[in-house]
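For the sequence shown, the residue numbers in numbering that gives the first Met the number 0 are 0 to 130.
Working notes for the structure below.
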Amino acid sequence: MVNSVREASVFEMVDAIAARDRRRALNLLHELLDDGQPPLYLLTMIVRQFRILMQLRELSAQGEGPEAIRARLGLHPFVVEKGLRQARNFSLAQLDTIYDSLLVTDTAIKTGQSDPILALDLLIASLTEKP
Numbered sequence: 000m001v002n003s004v005r006e007a008s009v010f011e012m013v014d015a016i017a018a019r020d021r022r023r024a025l026n027l028l029h030e031l032l033d034d035g036q037p038p039l040y041l042l043t044m045i046v047r048q049f050r051i052l053m054q055l056r057e058l059s060a061q062g063e064g065p066e067a068i069r070a071r072l073g074l075h076p077f078v079v080e081k082g083l084r085q086a087r088n089f090s091l092a093q094l095d096t097i098y099d100s101l102l103v104t105d106t107a108i109k110t111g112q113s114d115p116i117l118a119l120d121l122l123i124a125s126l127t128e129k130p
């Protein structure tokens, strides 16, 4: 039961990031860290969300509808619907830049160049910046 609560919180955190709700995203990040969630797991979930948003944005820009996108990516209809709404908050160029930031953060954590918690704080602050 505890794992499902934690999983829900992880998804709440990535939703808050995608909605550019900095305060909520950072609060949820630190709740998850306090609950013992590993920083790299949380980063992996953030990367996953933005990978999905990038795919949704690209396919939508190519004229694909929600059903075609769902079939092509193998995602649940709810994920596609919610993701398409979130993807509208970002241009393809912004998503490319975000993906580069995710790679830099991942590398910095894995090579010991950055403290994992500080790196996640800075990443979320950057990702939730209003355009």
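A virtual CB, placed ideally from N, CA and C, is assigned to each residue, including glycine.
Host alpha helix (DSSP H) of residue i (start-end)
i, result
"HIS29", "21 to 33"
"PHE77", "76 to 86"
"SER125", "115 to 126"
"PHE49", "38 to 60"
"ALA18", "Run containing ALA18: none; DSSP gives neither H nor E here."
"SER90", "Here SER90 belongs to no alpha helix (DSSP H), and DSSP marks it neither H nor E."
"PRO65", "65 to 72"
Top-ranked residue by Cα proximity to residue i, from the options
i, options, result
"ALA92", "ALA15, GLN54, HIS29, THR106", "GLN54"
"GLN85", "LEU41, PHE49, PRO130, LEU27", "PHE49"
"THR127", "ARG56, SER100, GLY35", "SER100"
"LEU72", "TYR40, PRO115, LEU52", "LEU52"
Nearest-angstrom Cβ-Cβ length linking residue i and residue j, presumed shorter than 8 Å
i, j, result
"VAL79", "ILE97", "Not quite, the Cβ-Cβ distance comes to about 20 Å (not below 8 Å), so this is no contact."
Alpha-carbon to alpha-carbon, residue j and residue i
i, j, result
"LEU58", "PRO65", "9 Å"
"VAL1", "PRO130", "At VAL1 the pLDDT is 48, less than 50, meaning the model places this residue with poor confidence; the figure from the coordinates comes in the next sentence. Whole-angstrom Cα-Cα distance: 36 Å."
"PRO76", "THR43", "22 Å"
With 16 other Cβ atoms within 10 Å as the buried cut-off, status of residue i
i, result
"VAL9", "buried"
"THR104", "buried"
"ARG22", "exposed"
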